[in-house]
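Be aware that the sequence shown starts at 12, since it is given in this note's numbering, and climbs by one per residue. The C-beta atom is built at its ideal place from N, Cα and C for all residues, glycine as well. Because the structure is a prediction, the values reported are computed rather than measured.
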Amino acid sequence: MEEFIGYIIKNLVTKPEQVTVKRTSSENTDVYEVRVAPEDMGKLIGKQGRTINSVRTLVAATSARLDAKKRTLVEVYDEGKERQE
């Protein structure tokens, strides 16, 4: 799934070499933390969040076909920011 998410996002941004995808898993949830260059955040999020919502829909549909028991989340950060707990 990490490769799938990376493939989609790398084709949407201007600096694909700065895209990283990291998976964190719990009993019933997989969280994919996506990092992109700060200048690519707007492009990835899209107008009113439509682009990232489309990516999340694709990932959820693919995940449901592979493992229906787990919920899948995609979180996006720019390279300069750390994840807030």
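query	result
Where L84 falls: helix, strand or coil (DSSP)	strand
Bridge partners - K109, DSSP secondary structure assignment	Because the chain here runs from 12 to 96, residue 109 falls outside it and cannot be looked at.
Test item: CB-CB of A71 and T62 under 9 Å	no
Segment limits, beta strand (DSSP E) that includes K10	Residue 10 cannot be examined here, being either before or after the span of the chain that is shown, 12 to 96.
Distance, P49 Cα to K81 Cα	30 Å
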